[in-house]
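2 protein chains.
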Amino acid sequence: MPYLCHEIKIILFLHMKHNKTILITNDDGYQAQGIRFLTEIMSRLGRVVVVAPDSARSGAACSITSTRPVCVTQIADNIFACSGTPVDCVKIALEKILPTKPDLVVSGINHGDNMSISLHYSGTVGATLEACMKGIPSIAYSLRTSKKQCDFSPYEQVVEEWASKVLNDGLPMDTCLNINFPETDHLDGAKVCRMARGLWHTEWLDAGLDEDGRQVFTLTGTFCSQEPDAEDTDCWAIEHNMASVTPLTLDMTNHDALPKLEP
Amino acid sequence: MPYLCHEIKIILFLHMKHNKTILITNDDGYQAQGIRFLTEIMSRLGRVVVVAPDSARSGAACSITSTRPVCVTQIADNIFACSGTPVDCVKIALEKILPTKPDLVVSGINHGDNMSISLHYSGTVGATLEACMKGIPSIAYSLRTSKKQCDFSPYEQVVEEWASKVLNDGLPMDTCLNINFPETDHLDGAKVCRMARGLWHTEWLDAGLDEDGRQVFTLTGTFCSQEPDAEDTDCWAIEHNMASVTPLTLDMTNHDALPKLEP
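Put into structure tokens, the structure is as follows:
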């Protein structure tokens, strides 16, 4: 197995047929089924490079590795495994692996949805936000499933159409896309929609005592939309067998609240 | 050292003088100087309970511990150390430690600022967003410094005033506060402001080879505001010796972009 070397920037992309470059990452690790499916589809649209975690990083959000070094292992010509988080993967790909800024960053397909407030915990979305911070159009794809092995073929058309649209048209400034799929054999198209308000509850299972006699807990939980009848939300789209397409902004300021807080 | 037990919910809060409850957390760990200062101030406003990471979790963002159990150790009557992330701390405090929903959650004071896009990486802010998701008013406090030992006294008045204001008035729905301080001996008050657009660049230092001969990198970086002259931003306030007070929303939807994405 060859290791990352400085020469990589020079040798990559010689003799390749596409003129667009697509960086692919995820939070389930470079060997996950979802990223392999995504790589297959993206290869139709551009030269693909995969820089993904070396193992699963579920729930990594926008976390970064600030307390220890990060290493990168070259798995194949265009596949790199990184010991860091999904955000680290994007940062290191842009600065240390890719010879030029990519035209698109895609993340996923995540095994598990990232609708509503769940997106705040998502490494899949975190990687997409990181690309957005660097001014690169980006899309997170996630599938509502608890299975390790999934049939991704029902989502192929929507995955490719939106990637192609973003490659051609770009996205508004400081904006990326969060796309979620319901588990289905026949998808009823895609719907542009906002994040639903939601709530996670009953989040801890008592897991007994650890070897030091301390009580331990396992994170679990139940999610519910707080506006299940709102047709303009991601949760509604998923419940009605459609893909949800939600534009996310980097600007988390509540602009309406600014005047209310003035003394 | 006593360990967390089921009885904790029953015994906590007997014979206490305040009628408001304040949960305190951070991402630097329960022993950090910033959280001890924050605890001292909050004790004037309510009954305080500290549930914080057992060691530093810098850059934890909204990450959660989904792949292993989390344990909690009771350090003192009202101090608990958690093996998880800042978000885990809030989740476990609300469901397994506190007998009732707290009136306020505060996080910090972080050793290092969380202005502009840096808030996306912040465990200090992550904990605050988590409280917000549970409908509890919350404030993240951060100080622009690289020192481990800081003089927090210049910030005492602003910390207490805003906590008191939020305890009394609450915050708009799905909104929390992100407060940042410049390093200064004399603070020129506080300014309500939005997140500046910003950029991190030059983020990796080559750190040689690891024991397996792989190239490793250490995360670092330089931040710059992309709108340094915009007086309504957090970066501008900090550069002008004021605390920045930024209301953050859980709703990351770019509502303006919704119609633009329709086919």
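Protein chains in written order, with my numbering: chain A, -14 to 248; chain B, -14 to 248.
We put the beta carbon where it would ideally sit given N, CA and C, even for glycine.
For this session: Indicate the three-state DSSP secondary structure (helix, strand or coil) for Tyr15/A in the structure shown.
Result: Sequence index remark: in the first sequence, residue 15/A carries index 30 (1-based). Three-state result, Tyr15/A: coil.
Problem set entry | Start and end residues, beta strand (DSSP E) containing Ile233/A | The residue you call residue 233/A lines up with position 248 of the first sequence. This sequence places Leu at residue 233/A; Ile is not what is there. Element bounds for Leu233/A: Ala228 to Thr234.
Problem set entry | Contact belief for Gly183/A with Cys220/A at Cβ below 8 Å, rounded distance in angstroms | As a first step, residue 183/A must be located in the first sequence, where it is residue number 198. As a first step, residue 220/A must be located in the first sequence, where it is residue number 235. Their Cβ separation, rounded to whole angstroms, is 7 Å, which keeps Gly183/A and Cys220/A in contact under 8 Å.
Exercise. Which residue spans inside the segment 32 to 57 of chain B form an unbroken alpha helix (DSSP H) run of at least 4?
Worked result: none
Exercise. So which of Asn163/A, Ser68/A, Leu190/A and Asp236/A has the shortest CA-CA distance to Ala37/A?
Worked result: Indexing the first sequence from 1 puts residue 37/A at position 52. When only C-alpha atoms are compared, the closest one is Ser68/A.
Exercise. At a CB-CB cut-off below 8 Å, which residues of chain B make contact with Pro167/A?
Worked result: Locating residue 167/A in the first sequence gives position 182, where the first residue counts as 1. Under a criterion of Cβ atoms nearer than 8 Å, no residue of chain B is adjacent to Pro167/A; the nearest Cβ is some 19 Å distant.
Exercise. Using the beta-carbon count (16 or more within 10 Å), is His305/B buried or exposed?
Worked result: Given that chain B is displayed from residue -14 to residue 248, the structure contains no residue 305/B and the question cannot be resolved.
Exercise. By Cβ distance, which residues of its chain are closer than 7 Å to Val72/A, with the 5 residues on each side in sequence left out?
Worked result: In the first sequence, residue 72/A corresponds to position 87, counting from 1. Residues of the same chain with a CB within less than 7 Å of the CB of Val72/A, apart from the 5 flanking positions on each side, are Cys47, Ser48, Ile49, Gly111, Ala112 and Glu115 in chain order.
Problem set entry | Contacting residues, own chain, Cβ-Cβ under 8 Å from Leu23/B (five flanking each side not counted) | As a first step, residue 23/B is located in the second sequence; it is residue number 38 there, counting from the start. Excluding residues within five positions, the ones whose Cβ falls inside 8 Å are Ile9, Asn11, Val91, Gly93, Ile94, Tyr126 and Val144.
Problem set entry | Within chain A, partners of Pro157/B - CB distance below 8 Å | The residue labelled residue 157/B in the question sits at position 172 within the second sequence. By Cβ distance, chain A contributes Asn239, Asp241, Ala242 and Lys245.
Exercise. Taking Cβ to Cβ, would you say Lys176/A is nearer than 8 Å to Met227/A?
Worked result: As a position in the first sequence, residue 176/A is number 191, starting the count at 1. As a position in the first sequence, residue 227/A is number 242, starting the count at 1. Yes, the pair counts as a contact, with Cβ atoms nearer than the cut-off.
For this session: Pick helix, strand or coil for Tyr(-12)/B, following the three-state DSSP scheme.
Result: If you number the second sequence from 1, residue -12/B lands on position 3. Because Tyr(-12)/B sits at a pLDDT of 42, beneath the cut-off of 50, its placement in the model cannot be relied upon, and the following sentence gives the value as read from the coordinates. It is a strand residue.
For this session: State yes or no: is the beta carbon of Cys276/B nearer than 8 Å to at least one beta carbon in chain A?
Result: The structure shown has nothing for residue 276/B, since chain B only spans -14 to 248.
Exercise. Does any C-beta atom of chain B lie closer than 8 Å to the C-beta of Gly44/A?
Worked result: Here residue 44/A corresponds to residue number 59 of the first sequence, with the count starting at 1. For Gly44/A, the answer is yes, since a Cβ of chain B falls inside 8 Å of its Cβ.
For this session: Please classify Ser149/A: does DSSP put it in a helix, a strand, or coil?
Result: Against the first sequence, residue 149/A aligns to sequence position 164. Here Ser149/A sits in helix by DSSP.
Problem set entry | Among Ile124/B, Ser40/B, Cys178/B and Ile223/B, the one whose alpha carbon lies nearest that of Leu152/B | Residue numbering aside, residue 152/B sits at position 167 when the second sequence is read from its first letter. Among Ile124/B, Ser40/B, Cys178/B and Ile223/B, the Cα nearest to that of Leu152/B is on Ile124/B.
Exercise. What are the start and end residues of the beta strand (DSSP E) that includes Ile7/B?
Worked result: Working through the second sequence from its first residue, we reach residue 7/B at position 22. Counting along the chain, the beta strand (DSSP E) containing Ile7/B begins and ends at Thr6 to Thr10.
Problem set entry | Selected residue, minimal CA-CA separation from Asp98/B, among Asp236/B, Cys209/B, Leu243/B and Ala242/B | As a working mapping, residue 98/B is identified with position 113 in the second sequence. The option with the nearest alpha carbon to Asp98/B is Cys209/B.
For this session: Mind checking which residues open and close the beta strand (DSSP E) that includes Asp219/A?
Result: Translated into the one-based positions of the first sequence, residue 219/A becomes position 234. DSSP places Asp219/A outside any beta strand (DSSP E); the residue lies instead in the alpha helix (DSSP H), whose first and last residues are Asp219 to Glu224.
Exercise. Considering only C-alpha positions, which residue in the set Val34/A, Thr58/A, Ala242/A and Ile164/A is nearest to Val201/B?
Worked result: In the second sequence, the residue the question calls residue 201/B occupies position 216. The option with the nearest alpha carbon to Val201/B is Thr58/A.
Exercise. Is there contact between the segment 155 to 164 of chain B and the segment 230 to 241 of chain B, where contact requires at least three CB pairs shorter than 8 Å?
Worked result: yes
Exercise. Who are the neighbours of Cys56/B on chain C, taking C-beta pairs under 7 Å?
Worked result: This model lacks chain C altogether, as its protein chains are A and B.
Problem set entry | Minimum Cβ-Cβ distance from Ser127/B to chain A less than 8 Å | Position 142 of the second sequence, counted from the first residue, corresponds to residue 127/B. No, Ser127/B does not count as interfacial toward chain A.
For this session: Give the DSSP-derived three-state secondary structure of Ile121/A in the structure shown.
Result: Residue 121/A sits at position 136 when you count from the first residue of the first sequence. The answer is coil: DSSP assigns Ile121/A none of H, G, I, E or B.
Exercise. Chain A partners of Ile77/B, CB-CB under 7 Å?
Worked result: Here residue 77/B refers to the residue found at position 92 of the second sequence. Here the neighbours are Trp189 and Phe202.
Exercise. Whose C-alpha, out of His240/B, Asn4/B and Val34/B, is nearest the C-alpha of Tyr15/B?
Worked result: Position 30 of the second sequence holds residue 15/B. Checked all of His240/B, Asn4/B and Val34/B; the closest Cα to Tyr15/B is Val34/B.
Exercise. In whole angstroms, what separates the C-alpha of Ile7/A from that of His225/B?
Worked result: Translated into positions along the first sequence, residue 7/A becomes position 22. Translated into positions along the second sequence, residue 225/B becomes position 240. CA-CA distance, Ile7/A to His225/B, rounds to 41 Å.
Exercise. Within 10 angstroms of its Cβ, does Leu89/B collect 16 or more other Cβ (buried), or is it exposed?
Worked result: Against the second sequence, residue 89/B aligns to sequence position 104. Here Leu89/B is buried. Its C-beta has 16 or more other C-beta atoms within 10 Å.
Problem set entry | chain B contacts made by the segment 80 to 101 of chain A, where a contact means CB separation under 7 Å | Residues Glu80 and Lys81.
Problem set entry | Glu249/A to Ala17/A span [Cα, whole Å] | Since the first residue shown for chain A is -14 and the last is 248, residue 249/A is missing from the structure and cannot be characterised.
Exercise. How many whole angstroms separate the CB atoms of Pro122/A and Asp170/A, which I take to be in contact at a CB cut-off of 8 Å?
Worked result: On the first sequence, residue 122/A is found 137 positions in, with the first residue counted as 1. On the first sequence, residue 170/A is found 185 positions in, with the first residue counted as 1. Not quite, the Cβ-Cβ distance comes to about 30 Å (not below 8 Å), so this is no contact.
Exercise. Going by alpha carbons, who is nearest to Ile164/B out of Arg129/B, Val230/B, Lys133/B and Glu216/B?
Worked result: Along the second sequence, read from residue 1 onward, the residue named residue 164/B stands at position 179. It is Val230/B whose Cα lies nearest to the Cα of Ile164/B.
Exercise. Roughly how many angstroms separate the alpha carbons of Lys279/B and Ala41/B, rounded to a whole number?
Worked result: Residue numbering for chain B in the displayed model covers -14 to 248; residue 279/B lies beyond these limits and cannot be assessed.
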